[in-house]
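Student:
Protein chains in written order, with our numbering: chain A, 1 to 352; chain B, 1001 to 1113.
1) Between the Cα of residue 1070(B) and the Cα atoms of 1060(B), 1090(B) and 1101(B), which residue gives the shortest distance?
2) When you compare the CB of residue 305(A) with every CB in chain B, is at least one pair closer than 8 Å?
3) Here's a check: name, in chain order, each residue in its chain whose Cβ is nearer than 6 Å to the Cβ of residue 257(A), leaving out the five neighbours to either side.
4) At a CB distance below 9 Å, what residues from the region 19-35 of chain A approach chain B? Give them in sequence order.
5) Let me know the alpha helix (DSSP H) ranges lying completely inside the region 245-307 of chain A, each 4 residues or longer, listed in chain order.
6) How should residue 1078(B) be labelled, buried or exposed, when 16 other C-beta atoms within 10 angstroms of its C-beta is the threshold for buried?
7) Does DSSP put residue 1089(B) in a helix, a strand or coil?
8) Determine, for residue 1069(B), whether the minimum Cβ-Cβ distance to residues of chain A falls below 8 Å.
9) Can you tell me whether DSSP reads residue 1105(B) as helix, strand or coil?
10) Kindly identify the DSSP beta-bridge partner or partners of residue 113(A).
11) Which residue marks the beginning of the alpha helix (DSSP H) containing residue 82(A), and which one marks its end?
12) Just to make sure I have the definition right: I need the residues of chain A whose C-beta is within less than 8 Å of the C-beta of residue 1092(B). Which are they?
13) If you reduce the DSSP assignment to three classes, tell me which class residue 139(A) lands in.
14) Is the Cβ-Cβ distance between residue 267(A) and residue 183(A) less than 8 Å?
15) Only counting runs of 3 or more residues, tell me where the beta strand (DSSP E) segments fall wholly within the region 160-202 of chain A, in order along the chain.
16) Just confirm the distance between the C-beta atoms of residue 265(A) and residue 242(A), as a whole number of angstroms; I'd bet it's less than 8 Å.
17) Does the CB of residue 302(A) have a neighbour CB from chain B at under 8 Å?
18) List the residues of chain B that residue 52(A) touches, going by C-beta distances under 8 Å, in chain order.
19) With a 10 Å radius around its C-beta and 16 neighbouring C-beta atoms as the bar for buried, classify residue 75(A) as buried or exposed.
20) Excluding five sequence neighbours on each side, which residues of the same chain lie with their C-beta closer than 6 Å to the C-beta of residue 167(A)?
21) Quick check: the region 109-129 of chain A against the region 167-179 of chain A, are there 3 or more CB pairs under 8 Å?
22) Going by DSSP, what residues sit across from residue 1056(B) in a beta bridge?
23) Which value, in whole angstroms, describes the spacing of the CA atoms of residue 190(A) and residue 253(A)?
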């Protein structure tokens, strides 16, 4: 389509004819009058074109400004919504959604080697019958706040709060190391248990004399993680037999304890002291599950492994190394490998 | 006759001489708008009247409004076109931008429902 400022071929021809006649001195009075009329008409047409162009420019700018302003308003609304959403999601999940690494569509999921944590407060149901709702809300929120803070510190993802129950998992990130995740999960549980004294004190401030104790169950293994739900409501959560095992361990745990499965224990054996609690059978899981109660942290493992090799100016002393392909942890293997490598390097130096 | 993309459609009903727009039009520049422009241009050339129904057009970028304004100017110059534009109060961009069409063509009949 022609632009409003362009001359038509006919107008351009008329102009060229007039200019040619002027140049050749062929202008009669009649030609001059006619030419003046044509030039006036052309000028009027061009004036109209310029008016259209100016109006089009200002109208398009007005349209664009309207769109920009609407866009800005929508952005503000989205920012406010995202800010509200922050309170309903774990910091990790919030970060992944707003950072665009989680596909929000139902049906997107994958298998991951996770460590799954369940906890609940002993006797909380009885507490709900004896405490005013407002006080109960303050007590529960202070407890969940503290649990969420500790979880955040260890890098877990809060799957959900169900009343006083907390469900957390570790290891849904692409690069997550399952062993480190199991260790972080157990360390988090230990810190949660040790934080309860201060929380109980806080609860006394609300007028409660309830003894605050929790049960914890932890299991590690492959689960399906992703978005599950209907087309209108989706939860980022985990499912699978290993999730059920963790929930069952929590039910089985004594008040104040941390009960872990054999698969979790295999990854934290150098980190914590445990007591074997026998086998349990979990519905839907073919084999009985080995269970261990965590009784505390071991002294720093690094102190032990660093003493495998003691170097001095002229050589080294090597202490006995015990390796068992079933029992020796990854961390211990690394320490052994490191000590042997350093010993070999010193031997090579001695040969040269 | 229609032109459609992933999230828009412009269809012409020859019986009513109406072009109905729907969806979100955010094509890049005059080249990408050319198929739509040709469709609307033909509607102008062939008939003494034409209607644009924009009620379902949720978004139109500045290249798109530029194309529509050019066609309105062309309709005014043709002199024999009965131009009618139907818009919606519920679509934010239509309020002012459709109103400006009557400045290009004072005889244009604008109805914002």
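Here a beta-carbon is modelled for each residue, glycine too, at the ideal position from N, C-alpha and C. None of these values were measured; they are calculated from a predicted model.
Tutor: A quick look at the data gives this:
1) Checked all of 1060(B), 1090(B) and 1101(B); the closest Cα to residue 1070(B) is 1101(B).
2) Low per-residue confidence applies at residue 305(A): pLDDT is 49, beneath 50, and the placement is therefore not dependable, though the value from the model is reported in the following sentence. So no, residue 305(A) is outside the interface.
3) Excluding five sequence positions before and after residue 257(A), the CB atoms of its chain that fall closer than 6 Å to its own CB belong to 293, given in chain order.
4) The residues in question: there are none.
5) The DSSP assignment places 262-268 and 301-306 as complete runs of the alpha helix (DSSP H) inside the region 245-307 of chain A, in order along the chain (cut-off: 4 residues).
6) So residue 1078(B) ends up on the exposed side.
7) Coil.
8) Yes, because at least one Cβ of chain A sits closer than 8 Å to the Cβ of residue 1069(B).
9) Residue 1105(B) falls in the coil class under three-state DSSP.
10) Paired residues: 222(A).
11) First-last of the alpha helix (DSSP H) with residue 82(A): 29-86.
12) In chain order: 66 and 70.
13) Reduced to three states, the DSSP call for residue 139(A) is helix.
14) Yes, Cβ-Cβ distance for residue 267(A) and residue 183(A) is below 8 Å.
15) Given a length threshold of 3 residues, each whole run of the beta strand (DSSP E) inside the region 160-202 of chain A is given here in chain order: 165-170.
16) The Cβ separation is near 14 Å, so there is no contact.
17) Since pLDDT at residue 302(A) reaches only 46, below the 50 mark, its modelled position is unreliable, and no value is offered.
18) 1073 and 1104, listed in chain order.
19) Residue 75(A) is exposed by the Cβ-count criterion.
20) Hits under 6 Å: 118, 159 and 160.
21) The region 109-129 of chain A makes contact with the region 167-179 of chain A: 3 or more CB pairs, one atom from each, lie closer than 8 Å.
22) Under the DSSP definition of a beta bridge, residue 1056(B) partners with 1022(B).
23) About 14 Å.
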